[in-house]
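A.B. asks: Before anything else, here's the structure in question.
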Amino acid sequence: MQKETFITSRKDREIRKRVITPGDYNVVPYEDARCKITLTDVKCTNGVGCCEIEPLSRIFSRSFDGNVLIGDCDTFIDRDFELILQQMCCGEVCEATMVYKDEDGTLMKEISCKVELREVTEEQLISDWSWERLYEAAVHHKERGVELFKQGRAVDAFRRFNKALKMLIATEPLDPVVVSEEVVKDMVNLKVKLYNNLAHCQLQFNEYDATLKLCNKALKFDPENAKALYRRSAAHSGLKMYEEAWTDIQNALRLDPTDKASQRKASSLKPRIEKINKDYTSVIKKMFS
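Mapping of the sequence shown onto the UniProt record's numbering: residues 1 to 289, in sequence order.
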């Protein structure tokens with residue numbers, strides 16, 4: 001058995017492994033590689049004793065089928081486990097340990113297990129993917145992000161939307177001889193949706209500056225996108241830029257007068273705008289009185 005090695009080490013998180021049986025150093029998993037593994041001797045403890053690993057984990061669930069697609073996990077536990085796999089060789093057996101602590105250094109969770117990487121299906125490096133495959137992957141990550149957001153998992157959804165955007169940007173520049181005008185239009189529409197979805201995620205955590213930037217990017221491609229205008233209005237409101245927020249929400253209502261969310265936003269902003277106008281009028285009167 002070899003010496004234990006650290007895959008990553010921080011104050012709040014430590015991932016390490018110890019090789020039991022070496023594998024083939026010529027075959028190592030990387031992004032989008034498909035792995036077949038066997039997971040045994042799984043234990044999870046904290047300062048009190050045994051505890052649950054993570055209810056949303058796929059890899060550590062009872063229904064896990066032994067298949068892992070690198071880069072396709074959503075929970076932080078599963079993503080950390082992917083880091084272990086990416087430091088293994090095909091055929092390798094190792095003992096893996098993942099340790100999590102709070103900001104005070106108190107042990108929150110320690111997961112240990114034995115992992116056998118039985119098979120690795122070698123894929124092309126992402127840098128060698130065709131634009132069709134990149135586009136297909138972008139659509140996949142976007143759709144998965146929507147599912148996660150509906151489940152209330154905004155952080156995991158954000159990662160998917162961000163990954164989809166990176167895939168889409170990697171297709172550029174597009175050759176107009178190879179890619180039809182219609183497909184280019186679809187890709188631009190997808191980009192706008194991704195900027196909008198990323199902005200929606202940021203709003204969940206009151207990250208108004210980030211929301212503003214993302215909405216501006218969406219509106220650069222589609223200046224009359226009602227969702228981007230609504231979310232930019234919300235961001236402007238959060239930053240106390242009420243006049244800008246009012247302009248955005250009025251434009252959103254012009255595009256979709258029946259939208260309930262925009263109507264509610266306009267109603268909440270109206271008293272502030274009326275007060276701003278009243279105060280402005282009062283100042284002008286004093287100036288010329």
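Glycine included, each C-beta is placed from N, C-alpha and C at the ideal position. Here the structure is a predicted model, which is why all the values come from computation and not from measurement.
Using beta-carbon positions only, say whether residue 291 and CYS94 come within less than 8 angstroms of one another.
C.D. replies: Because the chain is modelled from 1 through 289, residue 291 falls outside the range shown and cannot be assessed.
A.B. asks: Just the C-alpha distance for LEU85 and ALA33, rounded to the nearest angstrom, thanks.
C.D. replies: 10 angstroms
A.B. asks: Based on the DSSP secondary-structure assignment, which residues constitute the bridge partners of SER9?
C.D. replies: DSSP output for SER9 lists GLU14 as bridge partner(s).
A.B. asks: Just reading off the beta strand (DSSP E) that LEU107 is part of, what are its end residues?
C.D. replies: 107-121
A.B. asks: Leaving out the 5 sequence neighbours to the left and right, which residues in its chain are closer than 6 angstroms to LEU134 when beta-carbon positions are compared?
C.D. replies: MET167, ALA170 and THR171
A.B. asks: Check this for me: beta carbons of CYS73 and ARG58, under 8 angstroms apart or not?
C.D. replies: yes
A.B. asks: Which runs of the alpha helix (DSSP H) at least 4 residues long sit entirely within the UniProt domain "Bride of doubletime-like TPR" (133-210)? Give them in chain order.
C.D. replies: 154-169 and 181-203
A.B. asks: Could you give the first and the last residue of the continuous alpha helix (DSSP H) run that contains TYR30?
C.D. replies: That residue, TYR30, is in no alpha helix (DSSP H); it is neither H nor E in DSSP.
A.B. asks: Only counting the same chain, and skipping five residues up and downstream in sequence, which positions put a Cβ closer than 8 angstroms to that of HIS141?
C.D. replies: ARG160, PHE161, LYS163, ALA164 and MET167
A.B. asks: Identify the residues that DSSP records as bridge partners of LEU69: which are they?
C.D. replies: ARG34
A.B. asks: Using the rule of at least 16 other Cβ atoms within 10 Å of the residue's Cβ for burial, across every protein chain shown, is LYS193 buried or exposed?
C.D. replies: buried
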